[in-house]
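Take a look at the structure below.
Number of protein chains: 2
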Amino acid sequence: MIAALEGIEPIARKETLGMIVREELRSALMAGRFQPGQKLTIRAVASALNVSLTPAREALYNLMAEGILESGANGTIFVPKLDEAQIVELTKIRVNLEGLAAREALPHLTDADIDALTEINAEVCKSDEDKDFSKLMSQNWRFHFGIYGRSDMPTLLRIIESCWLKMGSYLNVIYPDYGEIGTGLENHQQILKALRARDADRLCDTIRVDIEQSSGYLIEMIRSAK
Amino acid sequence: MIAALEGIEPIARKETLGMIVREELRSALMAGRFQPGQKLTIRAVASALNVSLTPAREALYNLMAEGILESGANGTIFVPKLDEAQIVELTKIRVNLEGLAAREALPHLTDADIDALTEINAEVCKSDEDKDFSKLMSQNWRFHFGIYGRSDMPTLLRIIESCWLKMGSYLNVIYPDYGEIGTGLENHQQILKALRARDADRLCDTIRVDIEQSSGYLIEMIRSAK
DNA sequence: CCTTCAAATCTGTTATAACAAATACCGGTG
DNA sequence: CACCGGTATTTGTTATAACAGATTTGAAGG
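Top to bottom, those sequences are chains A and B.
Here our numbering is used: position 165 in the first sequence is 178, and no number is missing along the way.
Here our numbering is used: position 96 in the second sequence is 109, and no number is missing along the way.
The following block contains the structure:
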C-alpha cells in the first residue's frame with residue numbers, strides 16, 4: 014500500500030454516450046431551443062448526434078423519468094406543454110424548495126460569495142441592456158444556483174434544477190417580449206439586500222416574489238396565446 | 014368524424030417491458046427487499062425477470078435518473094446507502110413538500126375522505142398489533158398519500174414519492190425493531206385531529222413531527238450500526 | 001374534388017452480438 | 001505467507017437487426 018495514495022477518491026463517472034446525449038438535450042432545453050409540445054423522436058436525436066438508437070433512447074427516457082420530458086399515448090416523446098394549472102403547481106413547489114435552499118445556504122454564504130453574486134447580477138443587468146437573452150438566461154441561472162448551491166443539499170439542488178428544466182422551453186417565450194424585465198432585475202437587488210442583511214425570512218420572501226412574478230408573466234403569455 | 018367521440022383522450026401508455034421492470038424494482042425497493050448499498054447488475058435484473066439487457070438497463074437507468082438508485086465509479090448501479098447528512102437533507106425536503114401537499118389537500122378533503130383515512134389508520138394500528146410490518150408499511154403509504162393525493166398536484170406527488178423511495182431500503186431497517194412505534198401511531202392520530210379541525214398550520218406541524226421522529230429514529234439506527 | 005383503402009414509411013420496442021474495461025481467480029515467486 | 005502478474009470471467013456500453021404498430025402517402029374509385 015502506498016501511503017501517499019491514502020484517502021484518494023476513485024475518479025467518478027466515465028462519460029458514456031448516453032450521458033453526453035442527455036446533457037446535450039438538457040442544455041438545449043435550458044437554452045429554450047425546443048418549442049413547447051415539440052415531438053422528439055429517438056431516431057432524430059440519434060442521427061442529429063451521430064449515435065445509435067440505444068444511447069439516444071437512454072437519454073430521452075432518463076429525462077422522461079425525471080419528468081423533464083413527457084410521453085404520449087404510444088410512446089412518442091415530446092417537450093411538455095404546460096397549462097396554467099401546471100405552472101401554478103410548479104410555482105408553488107419552486108417557492109417552497111428554493112426558499113428552503115436559500116434559507117439553508119444563508120449561513121454558509123460568505124461576504125465574498127455575496128460580492129461574487131453581486132458581480133454576476135451586474136452581468137445579468139448588462140445582458141439585459143444588450144438584449145442578449147441567451148446570455149441573460151444563463152447568467153440568471155448562475156445567480157440563483159450560486160445561492161442555492163451553498164445550501165450543501167445536493168438532492169434538493171437536483172429537484173430544483175429539474176423544476177427549472179420543466180419550464181425551460183418557455184423561457185424563450187418569456188424573455189424576448191418581457192417588457193417589464195426591469196422588475197426581475199429589481200427583484201435580484203432585493204435578494205442581494207436580504208442576503209447582505211442576513212435576513213432569512215426576507216430572503217425567502219424576495220425569492221418568492223421573483224418566482225411568482227415571472228410565473229405570473231408566463232401565465233399571462235399563455236392566456237393571451239390561447 | 015363522430016361527434017360523440019370529440020375531446021376523448023387516447024388511452025395512455027401501453028406497458029412496455031422497461032416500465033414493467035421499473036415498477037417491479039420500485040415495489041421491491043418500497044417493500045425494503047434490497048439491502049442499502051446492494052449492487053444491482055443489469056444482467057442479474059434481466060435474468061431475474063427473464064428479459065433482455067435493454068429493458069433491464071432502461072429500468073435501472075430511469076431509477077438512477079430519478080435519484081432512486083445511484084451509480085458508482087464505473088457504471089455499477091447500487092441501492093443508495095444513506096449517511097446522516099443525506100437523511101437530514103431528505104427530512105428537510107420532505108417536511109417542506111409533504112407540508113405543502115397536505116396544506117393544498119386540506120380544502121379538497123371531504124368529511125368522507127377523512128373518515129376513510131381514519132379507517133386506513135385503524136388498519137395501520139391493526140397491522141402494528143399483528144407485527145405485520147410489510148402490511149404496515151403499505152398501509153402507512155396509503156395513509157400519507159391518501160392525504161397528499163388530494164392536493165391535485167401530480168408533479169409534487171411524484172417528487173414526494175421519489176423521496177420516499179430513496180429511503181425505501183431503510184424502511185425494513187426501521188420497522189422490525191421500532192420499539193416506540195406507538196409514537197408513530199400517535200402522530201397519525203394527531204394528523205387526523207388536525208384534519209378534522211381543518212387547521213392547516215397544525216396539520217403541517219403534525220406531519221413535520223411524524224417525519225422528523227421517524228427520521229430521528231433512523232439516524233439513531235445508522236449511528237448505532239456504525 | 002373528396003373519400004377510401006392499401007402499400008410504403010416512420011417509429012418505438014426488444015433481443016442479440018461485439019467490444020472494452022473492470023474484476024476475480026489462480027498459480028508462481030520472493 | 002504475502003505479493004505480483006496474467007488469464008478468465010464478469011459487467012457495462014453500444015450498434016444493429018428484426019419486429020409490430022402507427023402514420024403517412026398515393027392512387028384508384030365514387
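Don't be surprised by glycine CBs; every beta carbon is placed ideally from N, CA and C.
Give the secondary structure of residue i by DSSP, where H, G and I count as helix, E and B as strand, and everything else as coil.
i: S84(A); result: strand
i: L248(B); result: This structure cannot settle anything about residue 248(B), because the visible part of chain B is limited to 14 through 239.
i: F156(B); result: helix
i: F146(A); result: helix
i: R221(B); result: helix
i: Y230(A); result: helix
i: I21(B); result: Because the pLDDT of I21(B) is 40, which lies under 50, any placement of that residue in the model is unreliable, and the question is left without a value.
Within 8 Å (strictly less), CB to CB, does residue i reach chain A?
i: Y74(B); result: yes
i: E71(B); result: yes
i: I106(B); result: yes
i: G229(B); result: no
i: A78(B); result: yes
i: L62(B); result: no
i: E83(B); result: no
i: E37(B); result: no
i: E28(B); result: no
i: L66(B); result: no
i: I24(B); result: With a pLDDT of only 41 at I24(B), under the threshold of 50, the placement of this residue in the model should not be trusted; the figure read from the coordinates follows. Cβ-Cβ to chain A under 8 Å: yes for I24(B).
i: G20(B); result: Unreliable placement is indicated for G20(B), whose pLDDT of 43 sits below 50; no coordinate value is reported for it.
Counting along the chain, where does the alpha helix (DSSP H) carrying residue i start and finish?
i: Q99(A); result: 97 to 118
i: E37(A); result: 30 to 43
i: R70(B); result: 66 to 78
i: R171(B); result: 167 to 179
Say whether chain B places a C-beta atom closer than 8 Å to the C-beta of residue i.
i: I172(A); result: yes
i: E225(A); result: no
i: T168(A); result: yes
i: E97(A); result: no
i: L119(A); result: no
i: E111(A); result: no
i: L208(A); result: no
i: L103(A); result: yes
For a quick check, are the C-beta atoms of residue i and residue j less than 8 Å apart?
i: T104(B); j: E225(B); result: yes
i: I160(B); j: L130(B); result: yes
i: I127(A); j: L216(A); result: no
i: G97(A); j: I235(A); result: Looking at the sequence provided, one finds Glu at residue 97(A) rather than Gly. Contact flag set, yes.
i: L73(B); j: I55(B); result: yes
i: I81(B); j: K179(B); result: yes
i: A57(A); j: S65(A); result: no
i: Q152(B); j: E136(B); result: yes
i: M32(B); j: G181(B); result: no
i: C176(B); j: R107(B); result: yes
i: H201(B); j: F156(B); result: yes
i: E117(A); j: S164(A); result: yes
i: P68(A); j: V92(A); result: no
i: A78(B); j: A78(A); result: yes
i: N75(A); j: N75(B); result: yes
Can you give the beta carbon distance from residue i to residue j, rounded, assuming they're within the 8 Å contact cut?
i: L169(B); j: A213(B); result: The Cβ separation is near 16 Å, so there is no contact.
i: L110(B); j: I173(B); result: 5 Å
i: P49(A); j: K94(A); result: 5 Å
i: L119(B); j: R211(B); result: 7 Å
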